[in-house]
Amino acid sequence: EVQLVESGGGLVQPGGSLRLSCAPSGFTFRNYWMAWVRQAPGKGLEWVANIKDDGSDKYYVDSVKGRFTISKDNAKNSLYLQMNSLRVEDTAVYFCARHGRRVFDQWGQGTLVTVSS
Amino acid sequence: DIQMTQSPSSLSASVGDIVTITCRASQTINTFLGWYQQKPGKAPKLLIYTISTLQSGVPSRFSGSGSGTDFTLTINSLQPEDFATYYCQQSDSVPWTFGQGTKVEIK
Numbered sequence: 001e002v003q004l005v006e007s008g009g010g011l012v013q014p015g016g017s018l019r020l021s022c023a024p025s026g027f028t029f030r031n032y033w034m035a036w037v038r039q040a041p042g043k044g045l046e047w048v049a050n051i052k053d054d055g056s057d058k059y060y061v062d063s064v065k066g067r068f069t070i071s072k073d074n075a076k077n078s079l080y081l082q083m084n085s086l087r088v089e090d091t092a093v094y095f096c097a098r099h100g101r102r103v104f105d106q107w108g109q110g111t112l113v114t115v116s117s
Numbered sequence: 118d119i120q121m122t123q124s125p126s127s128l129s130a131s132v133g134d135i136v137t138i139t140c141r142a143s144q145t146i147n148t149f150l151g152w153y154q155q156k157p158g159k160a161p162k163l164l165i166y167t168i169s170t171l172q173s174g175v176p177s178r179f180s181g182s183g184s185g186t187d188f189t190l191t192i193n194s195l196q197p198e199d200f201a202t203y204y205c206q207q208s209d210s211v212p213w214t215f216g217q218g219t220k221v222e223i224k
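So the sequences go chain by chain: R and W.
Okay, so the first sequence: first residue is 1 according to our numbering, each after it adds one.
Okay, so the second sequence: first residue is 118 according to our numbering, each after it adds one.
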């Protein structure tokens, strides 16, 4: 059974940093592109970042470019999202997702990030 | 960026109804269009990919169709567990984008 388990969310002040982690299981992690997708409270889904299976290519939505970094450690079977210079508008549930067949075919349960003073 | 616009934003329907949700893209999408279902407090679930391919384990009452800029999700014989919010999403070009969602409520 495929599972994705996020961790690392919490309350942070504007301008602060947070690192999210995602622990996958049930599939060969190194063979898949992975992604982070977020959902602000009461709002729709927004793709945040993608990373190629071998970690060589990364893509970001414009609103997080230069502030967020996605990374993938195939040896440790882990996906990360380093978030710096956080803004109030980054408040959301962040989902780790497997990007297979060019869709988000498996999702974690999400971790809440709250940016507030 | 490709903008995805869903209609309607919400609808009320009864068990057994046929429900149709449309998704219009601001540019032509060649292949990579998916549909997701999300229930309150839960992660989204993939229903359909590449416009019309049913994800494994998804009931056959769900179907997808369309081409170019216009796409449709159809739910035949709506079941109680289908009351949820549905999103379309394109992966033809970065940034990958979602529609704003369609909430299906009980009439």
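C-beta: ideal position from N, C-alpha, C; glycine also.
At the level of alpha carbons, what is the spacing between residue i and residue j?
i                      : j                      : result
residue 105 of chain R : residue 192 of chain W : 20 Å
residue 218 of chain W : residue 36 of chain R  : 18 Å
residue 81 of chain R  : residue 56 of chain R  : 15 Å
residue 141 of chain W : residue 169 of chain W : 15 Å
residue 179 of chain W : residue 196 of chain W : 11 Å
residue 72 of chain R  : residue 190 of chain W : 34 Å
residue 101 of chain R : residue 6 of chain R   : 22 Å
residue 203 of chain W : residue 17 of chain R  : 32 Å
residue 12 of chain R  : residue 194 of chain W : 46 Å
If I follow the unbroken beta strand (DSSP E) through residue i, where does it start and stop?
i                      : result
residue 86 of chain R  : Here residue 86 of chain R belongs to no beta strand (DSSP E), and DSSP marks it neither H nor E.
residue 12 of chain R  : 10 to 12
residue 97 of chain R  : 92 to 100
residue 179 of chain W : 179 to 192
residue 92 of chain W  : Chain W is shown only over 118 to 224; residue 92 of chain W falls outside these bounds and no answer can be derived.
residue 139 of chain W : 136 to 146
Assuming residue i contacts residue j (C-beta within less than 8 Å), just tell me the rounded distance between them.
i                      : j                      : result
residue 75 of chain R  : residue 59 of chain R  : Between residue 59 of chain R and residue 75 of chain R the Cβ distance is about 22 Å, and since that is not below 8 Å, they are no contact.
residue 139 of chain W : residue 123 of chain W : 7 Å
residue 15 of chain R  : residue 85 of chain R  : 6 Å
residue 206 of chain W : residue 103 of chain R : 7 Å
Just checking: is the beta-carbon of residue i within a distance shorter than 8 Å of some beta-carbon in chain R?
i                      : result
residue 208 of chain W : yes
residue 226 of chain W : Nothing can be reported for residue 226 of chain W, as the shown portion of chain W is limited to 118 through 224.
residue 204 of chain W : yes
residue 136 of chain W : no
residue 211 of chain W : yes
residue 154 of chain W : no
query = Using Cβ-Cβ distances below 9 Å, what residues of the segment 35 to 54 of chain R are close to chain W?
reply = 35, 37, 39, 43, 44, 45, 46, 47 and 50
Against chain W: residues of the segment 92 to 111 of chain R by CB proximity under 7 Å: 95, 101, 102, 103, 104, 105, 107, 108, 109 and 110
When Cβ atoms are compared, which residues of the segment 58 to 87 of chain R fall closer than 9 Å to chain W? 59, 60, 61 and 62
Please list the residues of the segment 165 to 178 of chain W that have a C-beta atom closer than 9 Å to any C-beta atom in chain R, keeping them in chain order.
-> 165, 166, 167, 170 and 172
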